[in-house]
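One structure is given here, and the rest of the page talks about it.
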DNA sequence: CAGCAGATTGACT
DNA sequence: GTCAATCTGCTGC
């Protein structure tokens, strides 16, 4: 099929878990310094805003870093983790509701050469930091528009069936108490199968 | 302002 | 299995 950019209406819906599930198989397209690189999304986590103890916006918290989480759905939220790793999130829901989906894994597709340069030859599917690095996503892209900006999401026709989706607890959020056990993590069982069409 | 932990990763014992 | 890399934001002095 012909690639189709995801419209604003994909992101502004109210169920952040539905969006996290539906993003599996979608394609992140980045255009930076004249180079196009793409990756197919294989793993996501939903962060459900003010009532989610694992979210940066829990309790309505606002800081310079998290302010973009309150933007309209379809905005990039990128933040630094452990001072080193740039973690890429897609803001969802209407403006003022700080929902987001973290991209934890991709399968590199277009621009493999550039991706290998950015990753210094290492594999790219290890986690959220490596996925963002592979695509050149940096904290300077936080707040950019996912419809018209340097990072966009497209549907290239990769279909992920429910039977191939695993659902479980999010990683690294033990501090969130009972919310750490919520089934908000979604991943594709056999990521490499996405490339063979 | 000092100390500490974090939606992590890669190198090393 | 341990540990260091180093930015952001919270807690406590």
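Residue numbers (this note's numbering): 142 to 338.
Just so you know, even glycine gets a beta-carbon here, dropped at the ideal spot from N, CA and C.
What residue from the options has the CA that sits closest to residue i's CA?
i, options, result
"residue 345", "179, 282, 157 and 187", "The structure shown does not extend to residue 345, since the chain spans only 142 to 338, so no value can be given for it."
"residue 335", "312, 301 and 316", "301"
"residue 177", "313, 276, 224 and 303", "276"
"residue 309", "223, 215 and 162", "162"
"residue 259", "165, 251 and 271", "271"
"residue 151", "296, 322 and 319", "296"
"residue 198", "327, 273, 317 and 303", "317"
Where do the ends of the alpha helix (DSSP H) carrying residue i lie?
i, result
"residue 159", "157 to 163"
"residue 152", "149 to 152"
Quick check on DSSP: helix, strand or coil for residue i?
i, result
"residue 315", "helix"
"residue 256", "helix"
"residue 269", "helix"
"residue 335", "helix"
"residue 213", "coil"
Beta strand (DSSP E) containing residue i: first to last residue?
i, result
"residue 173", "168 to 173"
"residue 99", "Outside the shown range of the chain, which is 142 to 338, sits residue 99, and nothing can be said about it."
"residue 291", "Counting along the chain, residue 291 falls outside any beta strand (DSSP E), and DSSP gives it neither H nor E."
"residue 246", "240 to 249"
"residue 306", "306 to 309"
"residue 227", "226 to 233"
"residue 182", "176 to 188"
Please classify residue i as buried or exposed, where buried requires at least 16 other C-beta atoms within 10 Å of its C-beta.
i, result
"residue 261", "exposed"
"residue 174", "exposed"
"residue 255", "buried"
"residue 237", "exposed"
"residue 170", "buried"
"residue 82", "For the chain, the structure presents residues 142 to 338; residue 82 sits outside this window and is missing."
"residue 314", "buried"
"residue 253", "exposed"
"residue 324", "exposed"
"residue 191", "exposed"
By Cβ distance below 7 Å, which residues in the same chain neighbour residue i in space, the five residues on each side in sequence not counted?
i, result
"residue 243", "185, 186, 188, 228, 230 and 269"
"residue 218", "209, 210, 230, 232, 241 and 283"
Leaving out the 5 sequence neighbours to the left and right, which residues in its chain are closer than 8 Å to residue i when beta-carbon positions are compared?
i, result
"residue 331", "305"
"residue 292", "169, 170, 171, 217, 229, 276, 278, 282 and 285"
"residue 154", "160, 214, 233 and 234"
Spatial neighbours of residue i within its chain, please: CB distance less than 6 Å, with the 5 preceding and 5 following residues excluded, ordered by chain position.
i, result
"residue 266", "246"
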